[in-house]
Amino acid sequence: MIRLALSTLRFHKGGFLASFLAVFLGAAIVMGAGGLLETGIHAAVQPERHTAPIVVTGDQRYHGTASDEVFPERVRLDGGLADELAAQPGVARAVPDGTAGRVDAIGVHPEPGADPGTVEKAVERLVDGRQVAVLTGDERGRAEHPDVVGDADDLVALAAAFGGLSAMVTVFVVAATLGLSVRHRHRELALLRATGATPGQLRRLVLGETTLLAAAAIALAWPVGGRAGRWLLDAFAGFGVVPDALAYRAGTVPLITGAAAALLTAVAAAFIAAATAVRTKPVEALAEAATERRRFSRFRIGLGIAFLAGGVALAIGTAGADGPDAAGVATPAAMVWTAGFALLGPLLAKGITRLLGPVLRAVGGNAGRLAEAEARARTARLAGAVLPVMLATGLALSLTYMQTTQADAADAAYDKSLRADLVVSADGKGGLPQGLVDDAAALPGVAAASARVDSQGFIEPAELAGRVVKEDAGESAPDAPAMALLGVTAAGVERTTAFRAATGDLGKLRGDTVALPTRYAAGYDLGDTVPMRLGDGTRAGLRLVATVDAERGYETALLPAALLAAHTDAGVVPQLLVTAEPGADRAELAASLADRHPGLKVTDREALLLARADQDDTQAGMAYLVLAVVVGYAAIALVNSQILAALARRREFSVLRLIGAGRRQVLGMTVAEGALVATAGLLLGTLVAAATLVPLSVSVQGALLPSGPWWIAAAVIATAQALVIGTASLSTLSILRRPAKTQQT
């Protein structure tokens, strides 16, 4: 059978080339995603300034919580720790990085001849129970780039989602391509079956061909996968998603995993595709090939219905999720909906053919009638051609409008929270001078002024209060609600922002106080002390003076600006919000502020909105990059399937020409079939997108329809039509160049 498999590979170059390309690209993409995942897990950063073999720095992780959060601001150390480290056995000196009693890191240099491992253990024992990390090797770079810890976690989540999506697309693309390739050989397999080949021999033939082809494709994809991972990491760094300092660290595990996944997918797809030929009785084999009947098992139909039920469950979960978290549920929902429609594809394609048949006959004339008859007779082939169209269009619409809808909702919530007319910031990295808020508020024409400091923090669970946990508590870990923190000035907060007290008084935001979102204030009364962890990991007991209402997922806690600024990396107030009196000349007011305080930059509120737009562009760029890779792969599969379908019909085209059909008539029939395939795929893809996006839109913006430019959908539709009809037409023209008699075999 191996010898026969090798010989058949030579005589079916078109089908095998399409299958080879599908396996090759799928394996390379999954390997690249696996490399990104391992890179995020290692979170390696080459040290630049720290030459000490052991570096002690603040631990950026909030251990012991259910989600193992990361502190967004640098966690600093007590400068006195350097003396404690220097006194440890085997330590020659401990060099602090920084002064004012709080340092960024401490370099530990062992004595000559001392065992570095022993010294490291001694250091770890000393700092046990503190919010301190001991770093060696490539980990030392984290002391210089503390943000890499959180960014690496984001990369892990992104790579996992990207890898899962890529693996799913690979499964469908490889299955569809191999299925078409094997189905187009039903006549050959039927002949072998009728002349005495056993089911086992046919199965081994198909599996042998597929294994040889997949092994060759995976061997070529092996070196490409690593380069794909590096290219993706560089692209993410270019978009600002991860720091440039993050080093690519991927061993053989992602390559082996990607290779195994591609091989198993190919073999499983070939096994399923060969099942029909294996089950067919010898006397029915040739008739089966001629009419291309398909029996759909109850298992396949039941599995498809189960996936659709899973899609409904995920849709309910998406609609009920907090706005910013809804995409985390919507993305797998898109995969599940796609799987359900793919499994039920032949039945759906048959229904769509009946629906579009009258239109096809009316518009296409005789060519349309021939196309409809062909589609009704070859339902399985139609479904195989429709699947890549559904996959490409469904994912393109879902992922694109998922991004635009979330971005628009976040921008709307941000814009709604602002009431200021002017924004004052330092013209450089320094902060605003002290007393500027009061000075600005006293200017003629100014209604109110408030400092603005952005950060993130957590409500400390009672189980963790007063202690640092280094181990993972697993499912029993307490939840530490994370939320945005906004530092403001009590006297001006209600005139410069949209925050209003639901209970209490925002004017009391002075000293160690906090105003919590109503949702997170449950269990606390006004005047109670709320245990919190600020952005740099500092514990703070803050007195609750007010609660504020907010949209779910966009809640913000308010703190005095001076308190919050001291726990940020900059340590200063970066911005001042100014609201003008009604009728005041804003340009004159801006000039007055700039003249009184040289070195300050005064702009209108659009500056904040533009900064927010830049953040959205970063996220959009990352999303569109992932989209381009995944949908691009599906689009290649779409083209492959059309070429494969045309090549398999050379004999059919020849017969049509021999009985009198002209080239234009054959081409017209192909164009009509292409239009049917594209339309069916677009309808199913739109259903996938609608089932994914409607619950998302309900969650993030309270509307049924997603938001985003209309031209994106138009471009997706036009591209799908052009690819399907264009590829089918060019492939048919290429076949029709040859004389009809030479195509009868």
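According to the working numbering, the stretch in the sequence shown is residues 272 to 1016, in order. All residues carry an ideal CB built from backbone N, CA and C; glycine is no exception. Computed from a predicted structure; not experimentally measured.
Range covered by the alpha helix (DSSP H) that runs through VAL634:
Numbered from 1 along the sequence shown, position 363 holds the residue referred to as residue 634. 616-648 is the extent of the alpha helix (DSSP H) around VAL634.
Inter-stretch contact at 8 Å, needing at least 3 Cβ pairs: the segment 993-1008 / the segment 917-932:
The segment 993-1008 vs the segment 917-932: in contact.
Using the three-state DSSP reduction, which class does ALA586 fall into: helix, strand or coil?
The residue labelled residue 586 in the question sits at position 315 within the sequence shown. Helix, per DSSP.
Host alpha helix (DSSP H) of ALA499 (start-end)
Residue 499 sits at position 228 when you count from the first residue of the sequence shown. Residues 470-509.
Decide if ILE527 is buried, meaning its Cβ has at least 16 other Cβ atoms within 10 Å, or exposed.
Here the question's residue 527 lines up with position 256 in the sequence shown. Residue burial is scored here from C-beta neighbours: ILE527 has fewer than 16 other C-beta atoms within 10 angstroms and is therefore classed as exposed.
Can you tell me whether ASP709 is buried or exposed, with buried defined as 16 or more other CB within 10 angstroms of its CB?
As a first step, residue 709 must be located in the sequence shown, where it is residue number 438. Exposed.
Can you give, in chain order, each stretch of the beta strand (DSSP E) that sits fully within the segment 749-810 and has at least 3 residues?
If you keep only unbroken beta strand (DSSP E) runs of at least 3 residues inside the segment 749-810, you get 753-759, 772-775, 784-788 and 800-804.
Three-state secondary structure (DSSP) of ASP840:
As a working mapping, residue 840 is identified with position 569 in the sequence shown. ASP840 falls in the coil class under three-state DSSP.
Mind checking GLY973: buried by the 16 CB within 10 Å criterion, or exposed?
Reading the sequence shown from its first residue, position 702 is the one you call residue 973. Classification for GLY973: exposed.
Alpha helix (DSSP H) segment containing ALA357, residue limits:
Here residue 357 refers to the residue found at position 86 when the sequence shown is read from its first residue. If you look at ALA357, you'll find it in the alpha helix (DSSP H) that goes 352-357.
Between ALA943 and the ligand MN, is the CB less than 7 Å from at least one heavy atom?
The ligand MN is not part of the structure shown, which contains no ligands of any sort.
Could you have a look at HIS334 and say whether DSSP puts it in helix, strand or coil?
Mapped onto the sequence shown, residue 334 falls at position 63. The DSSP-derived three-state label of HIS334 is coil.
Determine contact between the segment 726-734 and the segment 878-885, defined as no fewer than three beta-carbon pairs at a distance below 8 Å.
Look at the beta carbons and you see the segment 726-734 not touching the segment 878-885: under three pairs across the two are nearer than 8 Å.
Endpoints, beta strand (DSSP E) assigned at SER721
Along the sequence shown, read from residue 1 onward, the residue named residue 721 stands at position 450. It spans 717-730 - the beta strand (DSSP E) in which SER721 sits, taken as one unbroken run.
Extent of the continuous alpha helix (DSSP H) run through ALA865
Mapped onto the sequence shown, residue 865 falls at position 594. 857-867 is the span of the alpha helix (DSSP H), which, as asked, contains ALA865.
Could you check whether the segment 324-344 touches the segment 391-399, counting it as contact only if at least three pairs of C-beta atoms, one from each stretch, sit closer than 8 Å?
Contact between the segment 324-344 and the segment 391-399 is present, because at least three Cβ pairs lie under 8 Å.
So, using beta-carbon positions, are ARG771 and VAL819 closer together than 8 Å?
The residue labelled residue 771 in the question sits at position 500 within the sequence shown. The residue labelled residue 819 in the question sits at position 548 within the sequence shown. It is a contact, given that the beta carbons lie within the stated cut-off.
Among the candidates GLY933, ALA891, HIS313 and VAL995, whose CA atom is the shortest distance from the CA of THR950?
Taking the sequence shown and counting its residues from 1, one reaches residue 950 at position 679. When each option's Cα is compared against that of THR950, the closest is VAL995.
Ignore the nearest five residues each way along the sequence and tell me which others in LEU429's own chain have a CB closer than 7 Å to its CB.
The sequence position of residue 429 within the sequence shown is 158, counting from 1. In the same chain as LEU429, and ignoring 5 residues on each side of it, no C-beta atom comes closer than 7 Å to its own.
In the DSSP assignment, the beta strand (DSSP E) including GLN846 goes from what residue to what residue?
Taking the first residue of the sequence shown as 1, we reach residue 846 at position 575. Bounds of the beta strand (DSSP E) holding GLN846 are 846-851.
Check whether the Cβ atoms of LEU406 and THR310 lie closer than 8 Å to each other.
The sequence position of residue 406 within the sequence shown is 135, counting from 1. The sequence position of residue 310 within the sequence shown is 39, counting from 1. No.
Contacting residues, own chain, Cβ-Cβ under 6 Å from ALA792 (five flanking each side not counted)
Taking the first residue of the sequence shown as 1, we reach residue 792 at position 521. Excluding positions up to five away in sequence, the list reads THR818.
Below 8 Å on the Cβ atoms is my guess for ALA913 versus ALA642; work out the distance and round it to an integer in Å.
If you number the sequence shown from 1, residue 913 lands on position 642. If you number the sequence shown from 1, residue 642 lands on position 371. Ala is not the amino acid found at residue 913; the sequence shown has Gln there. Not a contact, Cβ separation roughly 14 Å.
Taking Cβ to Cβ, would you say ALA431 is nearer than 8 Å to LEU308?
Residue 431 sits at position 160 when you count from the first residue of the sequence shown. Residue 308 sits at position 37 when you count from the first residue of the sequence shown. Less than 8 Å divides the Cβ of ALA431 from the Cβ of LEU308.
From this set, LEU626, VAL630 and PRO617, which residue's C-alpha is nearest LEU653's C-alpha?
Residue numbering aside, residue 653 sits at position 382 when the sequence shown is read from its first letter. Closest by C-alpha distance to LEU653, out of LEU626, VAL630 and PRO617, is PRO617.
Going by the beta-carbon positions, is the gap between LEU631 and ALA943 smaller than 8 Å?
What you label residue 631 is simply residue 360 of the sequence shown in a count that begins at 1. What you label residue 943 is simply residue 672 of the sequence shown in a count that begins at 1. Yes, Cβ-Cβ distance for LEU631 and ALA943 is below 8 Å.
Inter-residue Cα distance where the pair is ALA786 and ARG690:
For the purposes of this step, residue 786 is identified with residue 515 of the sequence shown, where counting begins at 1. For the purposes of this step, residue 690 is identified with residue 419 of the sequence shown, where counting begins at 1. Each residue's CA atom was taken as its position, placing ALA786 and ARG690 some 19 Å apart.
Could you tell me the distance, in whole angstroms, from the CA atom of VAL398 to the CA atom of PRO417?
Mapped onto the sequence shown, residue 398 falls at position 127. Mapped onto the sequence shown, residue 417 falls at position 146. Per the coordinates, the alpha-carbon of VAL398 lies some 19 Å from the alpha-carbon of PRO417.
In terms of residues, what are the limits of the alpha helix (DSSP H) holding PRO387?
To locate residue 387, count along the sequence shown from 1; it is residue 116. Its alpha helix (DSSP H) spans residues 387-398.
Pick from ARG520, PRO749, ILE730 and ALA488: whose alpha carbon is nearest that of VAL294?
Here residue 294 refers to the residue found at position 23 of the sequence shown. Ranking the options by Cα distance to VAL294, first place goes to ALA488.
As assigned by DSSP and simplified to three states, the class of SER437:
As a first step, residue 437 is located in the sequence shown; it is residue number 166 there, counting from the start. DSSP, reduced to helix, strand and coil, places SER437 within a helical segment of the structure shown.
Residue range of the unbroken alpha helix (DSSP H) whose run includes ARG934
In the sequence shown, residue 934 corresponds to position 663, counting from 1. Bounds of the alpha helix (DSSP H) holding ARG934 are 934-972.
Using the C-alpha atoms, what's the distance from LEU830 back to ALA851?
Here residue 851 refers to the residue found at position 580 when the sequence shown is read from its first residue. Here residue 830 refers to the residue found at position 559 when the sequence shown is read from its first residue. Within the model, the alpha-carbon separation for ALA851 versus LEU830 is close to 23 Å.
Using a threshold of 8 Å, state whether the C-beta atoms of VAL801 and ILE730 are closer than that.
Numbered from its first residue, the sequence shown carries residue 801 at position 530. Numbered from its first residue, the sequence shown carries residue 730 at position 459. Pairing VAL801 with ILE730 gives a Cβ-Cβ distance under 8 Å.
Compare the Cα-Cα distances from ARG649 to each of LEU958, THR675, ARG790 and VAL948 and report the closest residue.
Counted from its first residue, the sequence shown places residue 649 at position 378. Here the closest residue by C-alpha is VAL948.
Evaluate TRP982 with the Cβ neighbour count: other Cβ atoms within 10 Å of its Cβ, from every protein chain shown; 16 or more gives buried, anything less gives exposed.
Numbered from its first residue, the sequence shown carries residue 982 at position 711. The residue in question, TRP982, is exposed, as its Cβ has fewer than 16 Cβ neighbours within 10 Å.
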